[in-house]
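Q: These protein sequence lines are chains A and B, in that order. When we follow our numbering, the leftmost residue of the first sequence carries the number 2, and every step to the right adds one. When we follow our numbering, the leftmost residue of the second sequence carries the number 2, and every step to the right adds one.
Protein chains: 2
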Amino acid sequence: MANKFLSIGELSRQSGLSAYTLRYYESAGILKPVGRTPSGHRRYHREDVIWLDFVLRLKRTGMPLAEIKRYARLRAQGEETTRERFALLELHRERLAAQIAELQESADALDEKLQTYRDMLAAATVPEDR
Amino acid sequence: MANKFLSIGELSRQSGLSAYTLRYYESAGILKPVGRTPSGHRRYHREDVIWLDFVLRLKRTGMPLAEIKRYARLRAQGEETTRERFALLELHRERLAAQIAELQESADALDEKLQTYRDMLAAATVPEDR
DNA sequence: TCTTGACCTTGAGCGCACTCTAACTTTTAG
DNA sequence: CTAAAAGTTAGAGTGCGCTCAAGGTCAAGA
């Protein structure tokens, strides 16, 4: 138990991504070339899983794969890119704030519209008085 | 001034959508067949603009065109679909709330990560003590 | 040993939401 | 009157992010 490695099928189940997608991410440079068994089967290590979780977090916030890939490339280059990665994430954080604000505004507008629907329905379901 | 109609170019400028996209929305059933001049040029009326604004609001909140189209179809069918449209919007409102909550959670996680970057950079830029 | 299922690679295909091309007509400014 | 800008259509092309098909290899249980 608490296996050291995960096969692609296991990681697929754990992450919710298809095995296709995991291979695609690797080929796209988002996951670095992962360890292999002697026969060529992928073995994902704890660090790979942690990195994937972070990637999925960025994805959930709408960062395009191309930009995630850029971050991954910087990360692979090591410490001297720390400042650049920081700047990239900071920019994304700002976009995220803007996105949240816009969604909130739309949610408010939607609430108003829903209220007019409620009023309409209330009027329609009581066509006679009492 | 305060023209009664808009040409496709004018609406394009006003809405930020390309004329291509406006025609595409019409062909996709999102904008109902719009008025034409005798020679076939489109003329958008005030109601068309108002509806487009609402469509764009739904779009900004991540509603796929197929679902917007469903709403448009119901709307075209008239009053007896009011309840269904209301339900559709209410469901979307809930998804929107979930989306906002998830983004907020990711924003918080990102803030933590940014803080560790700040700590790292602070440590790295003062390698000697003073 | 056989079979079943998980895995491998390469490359094609797909769904969404546009975006553009080509060939043509209409409108507008000078 | 004419040139250029803006409009029309049908249909092809694009970019993103997967998703799958084909044709194999490998591992584990009956």
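Glycine included, each C-beta is placed from N, C-alpha and C at the ideal position. All values reported here derive from a predicted model rather than from experimental measurement.
Determine contact between the segment 116-127 of chain B and the segment 83-93 of chain A, defined as no fewer than three beta-carbon pairs at a distance below 8 Å.
A: Yes, the segment 116-127 of chain B is in contact with the segment 83-93 of chain A.
Q: For R74/A, which residues of its own chain have a beta-carbon under 8 Å away from its beta-carbon, when the five flanking residues on both sides are left out?
A: Taking the first residue of the first sequence as 1, we reach residue 74/A at position 73. Hits under 8 Å: G30.
Q: Three or more C-beta pairs under 8 Å: does that hold for the segment 13-23 of chain B against the segment 102-116 of chain A?
A: In short, these stretches do not touch, since the Cβ pair count stays below three.
Q: For the segment 79-131 of chain A, list the alpha helix (DSSP H) runs that are entirely contained and at least 4 residues long, ordered along the chain.
A: Those alpha helix (DSSP H) runs which fall completely within the segment 79-131 of chain A and span 4+ residues are 83-126.
Q: So what's G41/A in DSSP terms, helix, strand or just coil?
A: Taking the first sequence and counting its residues from 1, the one referred to as residue 41/A is at position 40. G41/A: coil per DSSP, three-state reduction.
Q: So with CB distances below 8 Å, who are the chain B contacts of L115/A?
A: Indexing the first sequence from 1 puts residue 115/A at position 114. Those are F87, L90, E91 and R94, listed as they occur along chain B.
Q: What separation, rounded to the nearest whole angstrom, lies between the Cα atoms of V56/A and I69/A?
A: By 1-based counting over the first sequence, the position of residue 56/A is 55. By 1-based counting over the first sequence, the position of residue 69/A is 68. Taking the straight line from one Cα to the other gives about 7 Å.
Q: Work out the CA separation of I101/B and A32/A for me, nearest whole Å.
A: As a first step, residue 32/A must be located in the first sequence, where it is residue number 31. As a first step, residue 101/B must be located in the second sequence, where it is residue number 100. Residue 32/A is actually Leu in this sequence, not Ala. Taking the straight line joining both Cα atoms gives about 28 Å.
Q: Looking only at its own chain, which residues have a Cβ that is under 7 Å from the Cβ of G63/B, when we skip the five neighbours before and after it?
A: Counting from 1 along the second sequence, the entry for residue 63/B is found at position 62. For G63/B, where only same-chain residues beyond five positions count, the Cβ hits under 7 Å are Q100.
Q: Contact criterion: CB-CB distance below 8 Å. Does M64/A meet it with respect to chain B?
A: Translated into positions along the first sequence, residue 64/A becomes position 63. By this cut-off, M64/A is not an interface position.
Q: Where do the N-terminal and C-terminal ends of the alpha helix (DSSP H) with G10/B fall, by residue?
A: As a first step, residue 10/B is located in the second sequence; it is residue number 9 there, counting from the start. Unbroken alpha helix (DSSP H) run through G10/B: I9 to S16.
Q: Out of curiosity, what's the CA-to-CA distance linking V35/B and E106/A?
A: As a first step, residue 35/B is located in the second sequence; it is residue number 34 there, counting from the start. As a first step, residue 106/A is located in the first sequence; it is residue number 105 there, counting from the start. Approximately 29 Å between the Cα atoms of the pair.
Q: Look at the Cβ atom of R94/B, then the Cβ atom of A88/A, and state whether they are nearer than 8 Å.
A: For this step, residue 94/B is matched to residue 93 along the second sequence. For this step, residue 88/A is matched to residue 87 along the first sequence. For R94/B and A88/A, no; Cβs fall outside 8 Å.
Q: Buried or exposed: where does R43/A fall if 16 or more other Cβ atoms within 10 Å of its Cβ makes it buried?
A: As a working note, residue 43/A is residue 42 in the first sequence. By the neighbour-count rule (16 or more Cβ atoms within 10 Å), R43/A is buried.
Q: With respect to the alpha helix (DSSP H) encompassing T22/A, which residues constitute its N-terminal and C-terminal limits?
A: By 1-based counting over the first sequence, the position of residue 22/A is 21. Run containing T22/A: A20 to S28, per the alpha helix (DSSP H) assignment.
Q: Measure from the C-beta of Q15/A to each C-beta in chain B and report whether the shortest distance is under 8 Å.
A: Residue numbering aside, residue 15/A sits at position 14 when the first sequence is read from its first letter. No, no contact with chain B.
Q: Going by alpha carbons, who is nearest to A98/A out of D112/B, L97/B and Y26/B?
A: The count along the first sequence starts at 1 and reaches residue 98/A at position 97. Comparing Cα-Cα distances from A98/A to each of D112/B, L97/B and Y26/B, the minimum goes to D112/B.
Q: Can you pull the chain A residues whose beta carbon is under 8 Å from the beta carbon of E103/B, in chain order?
A: Here residue 103/B is taken as the residue at index 102 of the second sequence, counted from 1. R61, listed in chain order.
Q: For R84/B, return the contacting residues in chain A, with the cut-off set at a CB-CB distance below 7 Å.
A: Counted from its first residue, the second sequence places residue 84/B at position 83. Here the neighbours are L122.
Q: Using DSSP bridges, identify the partner residues of G36/B.
A: Against the second sequence, residue 36/B aligns to sequence position 35. Answer is R44/B, bridged to G36/B.
Q: Distance cutoff 8 Å, beta carbons only. Does L18/B sit that close to anything in chain A?
A: Numbered from 1 along the second sequence, position 17 holds the residue referred to as residue 18/B. Not an interface residue.
Q: Report the residue from D49/A, G79/A, L90/A and T38/A whose alpha carbon sits nearest the alpha carbon of E27/A.
A: By 1-based counting over the first sequence, the position of residue 27/A is 26. Considering only alpha carbons, the answer is D49/A.
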